[in-house]
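Visitor:
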Amino acid sequence: MTGFALGYTTPTPFPSDRSYGQVRSVLGSSAITGLSGPFEVGEFAVAPNARRGGLGRRLLDTLVGDRPAWLLTVPTIPGTTAFYDAAGWQRLGTGEGITIYTNVPLAPSG
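Going by the working numbering, the first residue of the sequence shown is number 3, and it counts up by one from there.
#1: Per the contact definition of three or more C-beta pairs closer than 8 Å, is the stretch 68 to 75 in contact with the stretch 26 to 46?
#2: Label P50 either buried or exposed according to how many other C-beta atoms from any shown protein chain fall within 10 Å of its C-beta, with 16 as the threshold for buried.
#3: Return the chain-ordered list of same chain residues with a C-beta closer than 8 Å to the C-beta of S38, the five sequence neighbours on each side being excluded.
#4: Kindly indicate which residue of G55, P70 and L57 has the alpha-carbon position closest to the one of Y10.
#5: Helix or strand or just coil, what does DSSP make of I79?
Given below as C-alpha cells:
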C-alpha cells in the first residue's frame with residue numbers, strides 16, 4: 003500500500019473523547035464550535051517511498067473535495083506541517099502536541 007485517507011463529518015456537539023479534548027484545549031471552547039459539522043480528515047498517510055510525487059495531494063483532494071474540512075497532525079513527525087502548509091491549509095493553532103489545520107476559514111456554528 004502506498005497511501006490511504008479516511009474522513010468523516012465531525013459530530014455536533016463537538017466530542018470530548020480521543021484527541022478532541024486536545025483540540026478544545028488548544029483552540030478554546032468558542033473556537034471549536036466551527037469544527038462541529040464540517041468534514042474531518044481522520045487518518046491520512048503516504049508511504050515514505052511514495053512521497054513527493056503528488057500522491058498525498060491527490061488523496062487529500064479526493065477525500066475532501068470542495069467541502070470545508072479540518073484535521074490535526076503531530077508537528078514532530080517530519081514533513082507533516084510542511085506538507086499541509088504547501089497544500090494551502092491554514093493553521094488554526096498548535097499546542098498539546100498537535101497542530102490543527104483547516105482548508106477554509108470555518109465560521110462558528112450556532
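Heads up, the beta-carbon is just placed ideally off N, CA and C, and yes, glycines get one too. Since this is a predicted model, take the numbers as computed values, not measurements.
Guide: Short version:
#1: When C-beta atoms of the stretch 26 to 46 are compared with those of the stretch 68 to 75, three or more pairs fall below 8 Å, so the two segments count as touching.
#2: The residue labelled residue 50 in the question sits at position 48 within the sequence shown. Exposed is the call here.
#3: Residue 38 sits at position 36 when you count from the first residue of the sequence shown. Around S38: T12, P13, T14, P15, F16 and S111.
#4: Taking the sequence shown and counting its residues from 1, one reaches residue 10 at position 8. Closest option to Y10, Cα to Cα, is P70.
#5: Stepping through the sequence shown from its first residue, residue 79 is reached at position 77. In the three-state reduction of the DSSP assignment, I79 falls in the coil class.
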